[in-house]
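Below: one structure, written as structure tokens.
Numbering (UniProt numbering), first residue to last: 1 to 614.
If you want it as structure tokens, here you go:
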């Protein structure tokens, strides 16, 4: 038997074979179709190009015919259409260049027309002017070519677009509107109005010089009438403020406003002069302050500012005169009024210093404004103080002290409550401590003797009183800076008239001057004046009827006469005490019918006594 070898056969897909055969065919077909499309497209392109070229040639020829007929507008318009057809180069090169230049001119004018119309519609003044200036610049450029045909073409296109006519109508309307507002004085926005007129080109006024003249005349008429209207209805401040604003607006636009400055000066001079003549100080200060605030718009040599400075200086001199006359309240009030025009702090400090020197009691008044003192001792150059004042409060049995060490230092003040429950007297004695500072002597009712004497020395560095001694006796008389005579002291010196000396530890017994017989002595009556009081009374001028005045002259006064003592030379000053004229009073100086005197350790003023007609 023969065996047969069978080779397996794979099934063949008919679909796959068919796809393979169609794909090859399609490739061939697509290549053929693509070639046909390209050929057709090329043929169409050539045909179109030939058509466009023929159309371009036709338009060029037509444009040239218009050009030959001197109709440049139609020639340029037709040429522009021909130029839209891309294709062959055709026509004379020089002529083509010329026509292209005309097209550029037309397109530029059309662009300017669009800009101007949009700006005019929206009333954008700056853009209107910018378009106008661009037009004028372009016009000068075209005219500068010195080509008659080109210039004619420019003007024809400009006229057709209505450029110059449109600008003329716009600016003439702006001028007339501004004039109408200014004539009626009803300007809603002065800045905008001025700016509008400034932006109007010079040629609409007939040239640069005529524009300047017409605008100045227009503004001058308006501002003159407006200033009068303001002066009739507004305050000084409002008038000068609004007028100054107008000057600023003119300056911003480069317009000379010297004439308005003169009108403002004339108005202000009259108003400020009036308040000066009326002695209206608050009015002068208010006006002067307001006028100074607009100094930047005033002339370099302002007559009104000079008047203000002159009058201000005279007021300062008046205040200084008040201070020299001891009219300190008037001087202070005047300086305070002037504080709106200048820094018067140093001037006020100077017056205050003089016032305090003249009336040191002010130191107490300033420190203790609600406190009443009776009496007040004042003086200077003691205990390291330039001036001082010591006040007594009998109700609270308290002593108050205030002093100023120097002009630049703040005052010091302190007080002391006395350990007593009765009235007391306070005197500045001749006693001095080891530092040569005078001792204040307090006299009050004693328990074992008629009186208690307390020696006090103000210690400014410690803001307190230093008690130098306390002694109870029937009498104490100060002999000199260190020695006192004490009558019947408690302890050392009892039943003696003894001498004591002020030392570091207080009053120290020195020696007996004489014995006192207790059985023969009358009981000391606290109501009777002590020897020290009699001494004080003598020092205060009690006991005779002659007043000593400067120049060794005297005026006799009737007995039992007392007068008020004032803080200054005039009845408008506060009464700070009384003094009896039944004695010799130390007169420091006289002024306008008043004597400055010393009494109770302080200074004051009394009216000059009239001589007895008998």
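Note that the Cβ used here is the ideal one computed from N, Cα and C, for glycine as well.
Computed from a predicted model, the values in this text were never measured in an experiment.
Euclidean distance between Cα positions of residue i and residue j
i, j, result
"residue 360", "residue 596", "14 Å"
"residue 376", "residue 489", "29 Å"
"residue 274", "residue 295", "21 Å"
"residue 571", "residue 325", "14 Å"
"residue 541", "residue 288", "Confidence at residue 541 is low in this model, with a pLDDT of 35, below 50, so its placement is unreliable and the value that follows should be read with caution. If you take the alpha carbons of residue 541 and residue 288, they lie about 54 Å apart."
"residue 423", "residue 575", "22 Å"
"residue 105", "residue 242", "49 Å"
"residue 124", "residue 230", "32 Å"
"residue 81", "residue 92", "17 Å"
"residue 266", "residue 299", "12 Å"
"residue 563", "residue 604", "12 Å"
"residue 395", "residue 442", "15 Å"
"residue 234", "residue 228", "10 Å"
"residue 162", "residue 127", "18 Å"
"residue 113", "residue 219", "33 Å"
"residue 358", "residue 345", "20 Å"
"residue 232", "residue 254", "30 Å"
"residue 116", "residue 166", "8 Å"
"residue 169", "residue 183", "21 Å"
"residue 297", "residue 245", "9 Å"
"residue 26", "residue 38", "18 Å"
"residue 351", "residue 328", "7 Å"
"residue 607", "residue 567", "12 Å"
"residue 347", "residue 512", "59 Å"
"residue 581", "residue 371", "29 Å"
"residue 102", "residue 67", "12 Å"
"residue 157", "residue 196", "29 Å"
"residue 284", "residue 336", "14 Å"
Cβ-Cβ distance between residue i and residue j below 8 Å
i, j, result
"residue 247", "residue 260", "yes"
"residue 633", "residue 373", "Absent from the structure is residue 633, since the part of the chain shown begins at 1 and ends at 614."
"residue 615", "residue 269", "Residue 615 cannot be examined here, being either before or after the span of the chain that is shown, 1 to 614."
"residue 200", "residue 171", "yes"
"residue 439", "residue 426", "no"
"residue 368", "residue 322", "no"
"residue 204", "residue 175", "yes"
"residue 341", "residue 312", "yes"
"residue 98", "residue 78", "no"
"residue 73", "residue 153", "yes"
"residue 405", "residue 384", "yes"
"residue 141", "residue 151", "no"
"residue 349", "residue 334", "no"
"residue 226", "residue 264", "no"
"residue 475", "residue 487", "yes"
Among the options, nearest to residue i - alpha-carbon criterion
i, options, result
"residue 402", "378, 396 and 425", "378"
"residue 314", "290, 289 and 279", "279"
"residue 455", "505, 122 and 491", "505"
"residue 615", "171, 234, 237 and 257", "This structure cannot settle anything about residue 615, because the visible part of the chain is limited to 1 through 614."
"residue 509", "485, 517, 32 and 515", "485"
"residue 507", "434, 245, 243 and 421", "434"
"residue 609", "603, 594 and 602", "594"
"residue 250", "355, 130, 194 and 429", "194"
"residue 501", "436, 578, 568 and 480", "480"
"residue 237", "167, 164 and 291", "291"
"residue 135", "164, 281, 144 and 120", "164"
"residue 418", "388, 130, 177 and 452", "452"
"residue 577", "94, 328 and 598", "598"
"residue 356", "23, 333 and 387", "387"
"residue 393", "420, 334, 347 and 383", "420"
"residue 281", "338, 225 and 409", "338"
"residue 459", "413, 503 and 449", "413"
"residue 472", "492, 461, 482 and 353", "492"
"residue 410", "353, 429, 449 and 445", "353"
"residue 661", "132, 429 and 173", "Residue 661 falls outside the range modelled here, since the chain spans only 1 to 614, and no answer is possible."
Per DSSP, the bridge partner or partners of residue i
i, result
"residue 485", "477 and 499"
"residue 566", "575 and 605"
"residue 508", "501"
"residue 446", "Answer is none; residue 446 lacks a bridge partner."
"residue 403", "388 and 412"
"residue 580", "562"
"residue 398", "393 and 417"
"residue 333", "Paired residues: none, contrary to the question."
Chain B contact for residue i (CB, 8 Å cutoff)
i, result
"residue 409", "Reference to chain B is not applicable here, since this structure consists of a single protein chain."
Note down, one range per segment and in chain order, each alpha helix (DSSP H) of at least 4 residues found wholly within the segment 339-389.
345-358 and 361-367
Ordered list of beta strand (DSSP E) runs contained in the segment 168-196, each at least 3 residues
none
If we require 4 or more residues per run, which alpha helix (DSSP H) segments fall completely within the segment 58-139?
72-83 and 93-122
Curious, which full-length alpha helix (DSSP H) runs of at least 4 residues does the segment 198-254 contain?
208-233 and 236-252
Inside the segment 417-464 only - beta strand (DSSP E) runs reaching at least 3 residues
424-432, 438-445 and 451-459
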